[in-house]
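Asks: Mind having a look at this structure? Questions to follow.
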Amino acid sequence: MSDHIYESDAIASVRQRLAVAEAEQLSEYTCMGRRFVVHPDVFPPTHFQSTGLFTQHLPYPSGGAFLEIGCGAGVTAVTAALSGCRPVVASDISEAAVQNTRANAALHGVEDIVSARHGDLFDVLNPGERFDAIFWNSNFVFVPEDYVFDKTILHAFCDAGYAAHRRFLREAPNYLAPGGRLLIGFSSQGDDSALTALLAEYGYTSTTVASAFGQGVGAHRYDILQLLPGAPGDATRTA
């Protein structure tokens, strides 16, 4: 699939939903019967279904340490804490998202469990921190390396040249506890062939932990993939 296709289809879809979200300015979101606040300039789970679907289907390691990369409003991180994960670290490159996550952690009484940190991918971690599960709801829409982001929030949806995916695959195993699970949220809006090539380059095997379709006309498929490190140059995908 070409960059032009992604620019005309996936990007257009994201922009359209963002415009609706900005116009409606919904400040509350409900997931699994729980109410969350949504701040301005944060990835809006009110209008994008990936957050809700991934949060509902993730295999949370009760009693284990959980890291969420790209926490947005903190829905998944807070749910992890309420599901028994101890501790929970939530990172985001957006300061607004970090503040939103802290607000939701306080709202649900897990502010002492959820540590929300501002930074890019694994830059926020302290030496020696390891996790029983690492999850990233990735910015799976592929755009060319020279793509010009005219809105900062588009970085939450789009990855230029899949550079963030490359870094995630390269660094994530360093932060897994023995027996830990590396999980990524992907979508039919993403470039499956590009991801498969990266998995092969870094020697991963992947299996689908959960898969669900969103609701409405033109709904997309959302997959939670477990990534298993292996020998560089080999990769397989299983359903």
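Residue numbers (my numbering): -16 to 222. Backbone N, C-alpha and C define an ideal beta-carbon position, used for all residues, glycine too.
#1: Classify Ile(-12) as buried or exposed, calling it buried when 16 or more other Cβ atoms lie within 10 Å of its own Cβ.
#2: At which residue ranges does the region 24 to 92 contain complete beta strand (DSSP E) runs of 3 or more residues, listed in the order of the chain?
#3: Going by CA-CA distance only, name the one from Phe118, Thr188, Gly57 and Phe169 that's closest to Ala48.
#4: In this structure, does DSSP put Phe105 in helix, strand or coil?
#5: At the level of alpha carbons, what is the spacing between His148 and Thr34?
#6: Hey, Asp142 and Phe123: beta-carbon distance below 9 angstroms or not?
#7: I need the boundaries of the alpha helix (DSSP H) containing Gln(-1), first residue and last residue.
#8: Could you give the C-beta distance for Asn120 and Gly199, rounded to a whole number, given that I count them as a contact under 8 angstroms?
#9: Need the endpoints of the beta strand (DSSP E) that Leu208 sits in, please.
#10: Thinking Asn45 and Pro70 are a contact (beta carbons under 8 angstroms), I'd like their distance in whole angstroms, please.
#11: Grab me the residues of Ser(-15)'s own chain with a C-beta within less than 7 angstroms of its C-beta, minus the 5 sequence neighbours each way, in chain order.
#12: Note the first and the last residue of the continuous beta strand (DSSP E) segment covering Glu11.
#13: Just list the beta strand (DSSP E) runs in the region 162 to 197, keeping only unbroken ones of 3 residues or longer that don't cross its boundaries, in chain order.
Replies: On the basis of the supplied data:
#1: Here residue -12 is taken as the residue at index 5 of the sequence shown, counted from 1. Residue confidence is low: Ile(-12) scores 40 on pLDDT, short of 50, so the model does not pin down where it sits. Its coordinate-derived value is still stated next. Exposed: under 16 other Cβ atoms inside 10 Å.
#2: 49 to 52 and 71 to 75
#3: Position 65 of the sequence shown, counted from the start, is the residue given in the question as residue 48. Looking at the Cα atoms, Phe118 is the closest of the given residues.
#4: Numbered from 1 along the sequence shown, position 122 holds the residue referred to as residue 105. Helix, per DSSP.
#5: Sequence index remark: in the sequence shown, residue 148 carries index 165 (1-based). Sequence index remark: in the sequence shown, residue 34 carries index 51 (1-based). Distance between the alpha carbons of His148 and Thr34: 18 angstroms.
#6: Locating residue 142 in the sequence shown gives position 159, counting from the first residue. Locating residue 123 in the sequence shown gives position 140, counting from the first residue. Yes, Cβ-Cβ distance for Asp142 and Phe123 is below 9 angstroms.
#7: As a working mapping, residue -1 is identified with position 16 in the sequence shown. Per DSSP, Gln(-1) belongs to the alpha helix (DSSP H) from Ala(-7) to Glu7.
#8: Position 137 of the sequence shown holds residue 120. Position 216 of the sequence shown holds residue 199. With 8 angstroms as the limit, Asn120 and Gly199 do not qualify as a contact, their Cβ atoms being about 19 angstroms apart.
#9: The count along the sequence shown starts at 1 and reaches residue 208 at position 225. Counting along the chain, the beta strand (DSSP E) containing Leu208 begins and ends at Arg204 to Pro212.
#10: Residue mapping note: residue 45 aligns to position 62 of the sequence shown, counting from 1. Residue mapping note: residue 70 aligns to position 87 of the sequence shown, counting from 1. Looking at the sequence provided, one finds Ser at residue 45 rather than Asn. In fact, because the Cβ distance is near 13 angstroms, the residues do not count as touching under 8 angstroms.
#11: Taking the sequence shown and counting its residues from 1, the one referred to as residue -15 is at position 2. The pLDDT assigned to Ser(-15) is 41, lower than 50, so where the model puts this residue is not dependable; a value taken from the coordinates is nonetheless given after this. Counting only Cβ-Cβ distances below 7 angstroms, and skipping sequence neighbours, we find nothing.
#12: Sequence index remark: in the sequence shown, residue 11 carries index 28 (1-based). Start and end: Glu11 to Cys14.
#13: 187 to 196
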